[in-house]
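Colleague: Number 233 in the UniProt record's numbering belongs to position 233 of the sequence shown; there are no gaps in the numbering.
Cβ coordinates follow ideal geometry from the N, Cα and C atoms, glycine included.
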Amino acid sequence: MDAVFDYGGRTGYEPISDTDRKEFHEQGFLLLRNVLTEDHRAALEEAVDRVYAEEKAAGRTTKDGTLHLLGFLERDELFGELLTHPIAFPYMWGLAGWNIYTHHNHLDVTPPALEPEKPYWGWHQDGYRQNSDPETMDPNLPRPMFSLKVAYVLSDLSEKGRGATKVIPGSHLWNSLPRPADLTVHNPDPEGTVEITANPGDAFIFDRRQWHSRSTNLSNITRKMLFVGYTYRWIRPLDELHPDKNGPWYQNRTPVQRQLLGEGTHTANYWGINWDGYIDDEIPLRKELKERGLLDRSIPWLR
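In structure tokens form, the structure reads like this:
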């Protein structure tokens with residue numbers, strides 16, 4: 001990586017606090033302030049602007065200029081480095097463990113709306129069939145988390161009405177959300193809704209089960225966000241990534257980053273084991289955590 005950003009010696013392997021873990025498990029999300037240094041944020045925004053211009057020139061934005069680009073990581077060296085961001089990455093392995101990879105990531109650019117907000121109901125949980133295939137008949141038994149995302153805020157979302165994500169804290173433990181009977185009219189947000197107002201350089205992390213919704217950008221500021229999702233290696237990818245493994249972008253990736261891009265030695269390896277049925281201690285992230293003394297048998301996903 002050509003650019004070097006100063007994170008005060010942070011490595012991405014500093015354990016998260018019990019307080020943060022408790023808040024995440026109770027609320028379903030965490031807002032983290034000042035995750036990106038200003039020079040890093042500005043460099044990422046420049047990369048996003050370049051990719052946006054390329055996609056717009058190719059006719060792949062909507063008529064109002066909105067871009068929701070899946071599988072964006074290969075489009076810039078800086079994006080690949082986000083996989084193990086020194087401040088955000090500890091939350092990924094700290095909350096989901098060592099047998100993870102990125103299955104879903106998207107680059108979002110949302111210009112100011114061209115017309116008044118139309119009625120819509122955008123509340124949902126991520127995961128598609130993960131919200132029904134593992135369902136039980138007990139509505140009070142929450143489904144498994146399966147995945148989580150980190151969202152990097154590149155533009156100023158410090159005020160409401162700028163297209164920020166809306167969440168309902170604690171709703172990750174709900175299997176359903178009442179839906180209005182008439183979706184042709186404006187309906188109020190569900191009780192308890194919070195619009196995540198954030199400054200440039202902030203980030204937030206959320207459980208895929210968190211009920212959340214987009215919001216309309218009613219401001220004169222273009223919303224720019226990068227979302228990187230992590231799930232277990234035994235779950236299939238959602239987005240398509242086709243990196244040239246002989247090209248410079250992939251060659252620049254560390255062993256841990258290559259794991260996070262889906263690399264594995266054999267099929268059982270994705271389940272965290274060797275063919276003898278024992279844990280594979282050579283899985284890069286597990287190996288890194290073990291060498292640093294960060295495995296913890298009291299936390300199931302860090303055993």
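Got a sec, what are the start and stop residues for the alpha helix (DSSP H) VAL256 sits in?
Modeller: 255-260 is the extent of the alpha helix (DSSP H) around VAL256.
Colleague: Could you say if the region 197-204 and the region 125-136 meet the contact criterion of at least three C-beta pairs nearer than 8 Å?
Modeller: No, the region 197-204 is not in contact with the region 125-136.
Colleague: Any chance you could list the alpha helix (DSSP H) runs of at least 4 consecutive residues sitting entirely within the region 65-131, in chain order?
Modeller: Entirely contained in the region 65-131, the alpha helix (DSSP H) runs reaching 4 residues are, in chain order, 77-81 and 89-96.
Colleague: With hydrogens ignored, establish whether the beta-carbon of SER17 is closer than 7 Å to any heavy atom of the ligand SAM.
Modeller: Here there are no bound small molecules, and the ligand SAM is not part of this structure.
Colleague: Name the residue from VAL185, PHE5 and GLU282 whose alpha carbon lies nearest to the alpha carbon of HIS266.
Modeller: Of the listed residues, the one whose Cα sits closest to HIS266 is GLU282.
Colleague: On the criterion of 16 or more Cβ atoms from any shown chain inside 10 Å, does TRP234 qualify as buried, or is it exposed?
Modeller: Exposed, by the Cβ-count rule.
Colleague: Between which two residues does the beta strand (DSSP E) harbouring TYR52 extend?
Modeller: Premise fails: TYR52 lies in the alpha helix (DSSP H), 38-57, not in any beta strand (DSSP E).
Colleague: Given this structure, state the Cα-to-Cα distance separating PHE79 from PHE227, to the nearest angstrom.
Modeller: Rounded to whole angstroms, PHE79 to PHE227 spans 10 Å at the Cα level.
Colleague: Within the chosen definition, does the region 137-152 reach the region 178-193 through at least 3 CB pairs nearer than 8 Å?
Modeller: Touching, no.
Colleague: What are the start and end residues of each continuous beta strand (DSSP E) run of 3 or more residues lying completely inside the region 177-239, in chain order?
Modeller: Correct list: 203-207 and 223-232.
Colleague: What does the Cβ neighbour count give for SER171, buried or exposed, with the cut at 16 atoms within 10 Å?
Modeller: Buried, because 16 or more other Cβ atoms sit within 10 Å of the Cβ of SER171.
Colleague: To the nearest angstrom, how far is the alpha carbon of PRO255 from that of ALA42?
Modeller: Each residue's alpha carbon lies about 27 Å from the other.
Colleague: Should GLU288 go down as buried or exposed, given a rule of 16 or more other Cβ atoms within 10 Å for buried?
Modeller: By the 10 Å Cβ count, GLU288 comes out buried.
Colleague: Inspect the beta-carbon positions of ARG223 and PRO142 and report whether they are closer than 8 Å.
Modeller: No, Cβ-Cβ distance for ARG223 and PRO142 is not below 8 Å.
Colleague: Could you say which of TYR101, GLY127 and LEU44 lies nearest to SER155 if we only look at CA atoms?
Modeller: If we check each option's Cα against that of SER155, LEU44 comes out closest.
Colleague: Using a Cβ-Cβ cutoff of less than 7 Å, which residues in the same chain neighbour GLU74 once the five nearest sequence positions on both sides are dropped?
Modeller: Contacts found: LEU241, PRO243 and TRP249.
Colleague: Please determine, among ILE87, TYR91, ASP49 and GLY12, the residue with the shortest C-alpha to C-alpha distance to HIS25.
Modeller: Among ILE87, TYR91, ASP49 and GLY12, the Cα nearest to that of HIS25 belongs to TYR91.
Colleague: Helix, strand or coil for LYS166, going by three-state DSSP, please let me know.
Modeller: Three-state DSSP puts LYS166 in a strand.
Colleague: If you draw a straight line from the C-alpha of LEU36 to the C-alpha of ASP276, how long is it?
Modeller: Taking the straight line from one Cα to the other gives about 42 Å.
Colleague: Could you compute how far the alpha carbon of PHE72 sits from the alpha carbon of PHE5?
Modeller: Answer to the nearest angstrom: the Cα atoms are 21 Å apart.
Colleague: Classify GLN251: buried if its beta carbon has 16 or more other beta carbons within 10 angstroms, exposed otherwise.
Modeller: Under this definition GLN251 is an exposed residue.
Colleague: Can you tell me whether VAL167 is buried or exposed? The criterion is at least 16 other CB atoms within 10 Å of its CB, across all chains shown.
Modeller: VAL167 is buried by the Cβ-count criterion.
Colleague: Using three-state DSSP, classify TYR152 as helix, strand or coil.
Modeller: Looking at TYR152 - three-state DSSP - the assignment turns out to be strand.
Colleague: Taking buried to mean at least 16 other C-beta atoms within 10 Å of its own C-beta, is SER147 buried or exposed?
Modeller: Classification of SER147: buried, given that the 10 Å Cβ count is 16 or more.
Colleague: Below 8 Å on the Cβ atoms is my contact criterion, and I expect GLY272 with LEU218 to pass it. Report the Cβ-Cβ distance as a whole number of Å.
Modeller: So it is not a contact: roughly 46 Å between Cβ atoms.
Colleague: So what does DSSP say about SER147, is it helix, strand or coil?
Modeller: Reduced to three states, the DSSP call for SER147 is strand.
Colleague: Any idea what DSSP makes of PHE5, helix, strand or coil?
Modeller: Here PHE5 sits in coil by DSSP.
Colleague: Enumerate in chain order the residues of its own chain whose CB-to-CB distance from LEU295 is below 6 Å, with the five nearest sequence positions on each side excluded.
Modeller: Taken in chain order, the residues that qualify are LEU289 and LEU302.
Colleague: Is ALA203 closer than 8 Å to LEU32 when the C-beta atoms are compared?
Modeller: Yes, these two residues count as a Cβ contact at 8 Å.
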